[in-house]
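For the sequence shown, the residue numbers in my numbering are 139 to 1176. By construction, the Cβ of each residue, glycine as well, lies at the ideal position given by its N, Cα and C atoms. Values in this document were obtained by computation on a predicted structure and should not be read as measured data. First up is the structure itself, then whatever we jot down about it.
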Amino acid sequence: MELFDSSKHGTLSAFFSHYSPSFITYPGTHFLLKPVFIRGFSGSLHLVLIFVLLVSWVWKKFKVGEGEGPKQRFGSIQSWYYKLTLLCCLGVSGLSLAFCLLNYFYWHRNDWSEEKLVTLFDLAIRTLAWGALCVYLHTQFSNSSESKFPNLLRVWWGSYFSISCYSLVIDILLYKEHVSLSVQSLVFDVVCVISGLFFIYVGFFGKKEGRNTVLEEPLLNGNGNAESNNSKGGTPVTPYSNAGIFSILTFSWMGPLIALGNKKTLDLEDVPELYKGDSVVGSFPNFRNKLEAECGADGRVTTFHLVKALIFSVWKDVAWTGLYAIFYTLASYVGPYLIDTFVQYLYGRRQFKNEGYALVSAFMVMKDGRITQAGKFNDILNSGTDFMELVGAHAEALSVLNSAEVEPVEKISVSKEDGEFASTSGVVQKVEDTDVQNSKTDDLPKGQLVQEEEREKGRVGFKKDAEFASTSGVVQNVEGTDVQKSKTDDLPKGQLVQEEEREKGRVGLSVYWKYITTAYGGALVPFILLGQVLFQVLQIGSNYWMAWATPVSEDVKPAVETSTLLTVYVALAVGSSFCILFRSTLLATAGYKTATLLFSKMHLCVFRAPMSFFDATPSGRILNRASTDQNVVDLNMPGRIGALANSMIQLLGIIAVMSQVAWQVFIIFIPVIAICIWLQQYYISSARELARLVGVCKAPVIQHFAETISGSTTIRSFDQESRFRDTNMKLMDGYGRPKFHTAAAMEWLCFRLDMLSSITFGFCLVFLISIPAGVIDPGVAGLAVTYGLNLNRIQASVIWNLCNVENRIISVERLLQYTTIPSEPPLVIESNQPDRSWPLRGKVDIHDLQVRYAPHMPLVLRGITCTFPGGMKSGVVGRTGSGKSTLIQTLFRIVDPASGQILIDGIDISSIGLHDLSMVAAVSENGENWSMGQRQLLCLGRVLLKKSKVLVLDEATASIDTATDNLIQQTLRQHFTDCTVITIAHRITSVLDSDMVLLLSHGLIEEYDSPATLLENKSSSFAQLVAEYTMRSNSSFE
């Protein structure tokens, strides 16, 4: 469409030949009035802008570092000027793209002059330049503290407005001279002038206003709003919560974390917290409210109510995921039609000029559609995170619906009595008789057995006899007085349960080698690779055969008979099927055998581990390896390794096919593969540590869940459901942090690999349509395009599987850690077995015995030397923590001494097997069907039947009433008159009739004599203990 017909009003060239003298003052400057110059100059300016933005971005990356993003202020509000500017830039880019496509496909498709080509170049460069400017505005200015736009933008907007006004003036002059002028050019120039005027106004007069001014900054950085920016402890919230659409599509919000992981080993504090809406703590109230609304007044929860509440909680994410899935599916169906059109084009059947470039553009748009879906896969990831957290929280919602409010306990004291074990989450709690108002459990001293990542010196104490370690003071009952201000520095230094071990850095090649060679020494690996190679060769052969032998159209004579075509194709297909069956069978066999052997070895090492291992290792760590890590080895590792080999062989096949069509294409793959390897190396350092953190953070969740289940009755009795629920949600959030960022890091890598492969594929297509017709067989070229369409998937699959294998191999690494656990002494030493009648006398000699529970811990027994005569009864007494139980554990080699000897009838117990020293008997799990008293009675009954020569009683009647205790003591005196009896006293009266009494204090022998002799000396420690016991007993009856 044109404003004036050139045949009536003269052509444009005639105008420039016959312009009036007043129109242009100086000769030789008439080219300034030509639209071709104006469009070319405009395109050049936009090209310079792209270059300047690229240089600015690269300079900032090198100067600031990728780990630091643009400076942000908490609570920043984007002004309307900024939003309208961004929208206007996006509109100019979209308008330029629309005009470019219309010019190319509709307006000028049959008539390409120099002016029209320059105009098309100008529109294309404008589209890219304004798109880059949108990205620059969003990434560099959306959250900055500047009140005005940068000088670079203002200079550019001034230049853009000037060139737009110049173009519009030329259009007006042409209009006055009745020169042919297209309507679209005039409309485009008018829009450019209006947009330029807006840019001039906002650039020089508008300000980016918001609440975060200098005066408000201290308030905004205060404690009142700190939770929105940082989590507790100063850990930042994930950048995903504030990411824009471009950052979400490209996963650029993961850049700082991946850059940090490339510089140092990531720790848990380096991983940002989850956004409140994505965390269990934040999503649980919303889910609970929706579930309560669905259940109604009756409060009955059904599966339908639960599913409905889950869907309504995340329906937006589900809707976006479905939308992009539909778009992805439609884009994948376009490929075959484009390939057919491309083959027809190579045969010379071209419907219009430059059809090849249009096909290339269509291919890239179709592939970009697939990439866009991959970029938006974060919505799927986000939805999955919500579902994981909501399902993890629904049990708490049910608990809230079915529970009633209970008044809090006024005061709870945490005590530790003899014979009880204090765990990390369950302790014996008793309500004190005294009614103390307004007291809080937080004010009470807290004891903790499991070590946190950092502890202050003296904050944590440990003694094997399970005394209570306090963070502020230890109440010790010494000589009848309470000492409230004892310092924890006086406690023995050391921590029993250490932080879970975690390897750092690259996974060693020895881990891969051990996994591959565990089953049959790796003999099946070459056959698996051979089967995969043969399968790929037959696949390529069958595709090549069909491309060569199948006629393109009905009027073309086929190269071979139809029967021959089908016979060869079926033979190749059957052969490839047998190859894949052979490969899959061997892979499944090797994977199953490897997983079985690793589990059996870990199982044996764990059950043969010494007691010190179980003291220092919570059960959650063992269960995590035996469940999660073992599941990865069972189900994921064989498939991942097989997929890696498959994708690598497929990639080599694609490169071979495309190189056969045009060997020059092979040159492109060299830098592409180098870039892929660089991306993989840049990514894997962070992904590896994130995967390890996932394993470390999952163990506390399992441990807490197991303790909650086992202590559910006690939790309900003391109304502690809310505390355990809050702890569980915090642990789930701690586990979700590395889990979420692990998945996001993988998508960060996949997006960049997809973009790289799309660009490579585009170059290959441009090369194919640029060569003269007839040089390449169209069928083979179509085959190359078919393989090229899968290039981005296969190329990304190689790197993705390579990274996945390194992430999954960490589970093998964690299993191998438990296959190297130091084993306890052998059960039987054939060369040094005592006689079956051993021991005859039961004499126990202890020489300079020193015992510690771990190499890094202090000595508990510090050089004990004594003798328990055979056939005599000896009592061992002492205050809590003196080492009584440690001495007994050393007798049974539950704990091996650091130095010293224990001789029983002259035989060193460290030189014989454990089965010769202790009794072999099966015990049911935890003995949960018996009470503590019943367990002790059962053990005593077994002792009476076995008639052992040496009897050790470690507070054997601690859970039995006094009357039964007196009866048992009388029975022991009657039936074990000629046996050596060593008694750890719970009640002092139980050792008064012993032949000898050993009193321990701080791991040393303080007194060792007969009870009568010790009682005669009123200043002896034993006499003081008896006096204290008698006084407490009398006061309890008053």
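Candidates the options, of which the one nearest residue i by Cα
i	options	result
Ser975	Ser1086, Gln955 and Leu894	Ser1086
Lys868	Asp416, Pro288 and Ala270	Asp416
Ser750	Leu275, Val193, Ile1032 and Ile792	Ile1032
Gln1074	Asp1092, Thr467 and Leu1083	Asp1092
Val273	Val328, Ser390, Leu240 and Phe179	Ser390
Ser969	Ala435, Asp1054 and Thr441	Asp1054
Thr700	Thr688, Ala709 and Cys238	Thr688
Val409	Gly393, Val419, Ser421 and Val418	Gly393
Val329	Leu387, Gly229 and Leu312	Gly229
Ser713	Lys695, Gly669 and Leu275	According to the sequence shown, residue 713 is Gly rather than Ser. Among Lys695, Gly669 and Leu275, the Cα nearest to that of Gly713 belongs to Gly669.
Asp1043	Ile310, Asp1103, Thr705 and Pro972	Pro972
Ile383	Glu432, Leu224 and Val331	Leu224
Leu773	Ser785, Lys731 and Ile811	Lys731
Gly1079	Asp871, Gln1107 and Ile959	Gln1107
Val331	Leu306, Leu311, Tyr339 and Leu312	Leu306
Trp268	Gly334, Thr1121, Ala711 and Pro996	Gly334
Ile1143	Phe1160, Thr957 and Ser180	Phe1160
Arg1125	Ala882, Leu978 and Val1164	Val1164
Met1134	Thr1151, Gly1141 and His1140	Thr1151
Phe336	Arg861, Tyr991, Val936 and Leu291	Leu291
Leu1138	Ala829, Ser1158, Ser1128 and Ile449	Ser1158
The beta strand (DSSP E) enclosing residue i, as first and last residue numbers
i	result
Ser1012	Lys1011 to Gly1016
Asp1092	Val1088 to Asp1092
Leu1136	Met1134 to Ser1139
Simplified DSSP assignment, three categories, for residue i
i	result
Ala985	The sequence shown places His at residue 985, rather than the Ala named in the question. Looking at His985 - three-state DSSP - the assignment turns out to be strand.
Met740	helix
Pro696	coil
Asp506	Interpretation of Asp506 is limited by its pLDDT of 48, a score under 50 that renders its predicted location unreliable; no figure is taken from the coordinates.
Gln1039	strand
Ser1148	coil
Pro977	coil
Gly207	Residue placement at Gly207 cannot be trusted, given a pLDDT of 41 that sits under 50; the coordinates are not used to answer.
Pro423	helix
Val375	strand
Asp1099	coil
Ile1045	strand
Leu1142	strand
Glu827	helix
Whole-number beta carbon distance between residue j and residue i, since they are thought to touch under 8 Å
i	j	result
Asp767	Arg952	5 Å
Val982	Phe1006	4 Å
Arg264	Ser234	4 Å
Trp295	Gly232	Trp295 to Gly232, Cβ: 18 Å. No contact.
Thr1118	Gly980	3 Å
Glu411	Thr441	Not really, about 32 Å apart at Cβ, beyond 8 Å.
Ser1023	Ile1122	7 Å
N-terminal and C-terminal residue of the alpha helix (DSSP H) that residue i is part of
i	result
Cys1004	Taken as a continuous stretch (DSSP letters only), Cys1004 belongs to no alpha helix (DSSP H), being part of the beta strand (DSSP E) at Leu999 to Phe1006.
Asp753	Met749 to Ala754
Gln1027	Lys1022 to Leu1029
Val1119	Counting along the chain, Val1119 falls outside any alpha helix (DSSP H), though it belongs to the beta strand (DSSP E) covering Thr1118 to Ile1122.
Ser451	Thr441 to Ser451
Ala435	It is not in any alpha helix (DSSP H) - Ala435 carries neither H nor E in the DSSP assignment.
Leu387	Ile383 to Thr388
Asn762	Ser757 to Asn762
His994	It is not in any alpha helix (DSSP H) - His994 carries neither H nor E in the DSSP assignment.
Ile396	Gly393 to Lys401
Leu1055	Leu1052 to Leu1055
Exercise. Can you give, in chain order, each stretch of the alpha helix (DSSP H) that sits fully within the segment 839 to 888 and has at least 4 residues?
Worked result: Fully enclosed alpha helix (DSSP H) runs of 4 or longer: 850 to 855.
Exercise. Which parts of the segment 650 to 694 are runs of the alpha helix (DSSP H), unbroken and 4 residues or longer, counting only runs that do not cross its ends?
Worked result: Runs of the alpha helix (DSSP H) inside the segment 650 to 694: 663 to 687.
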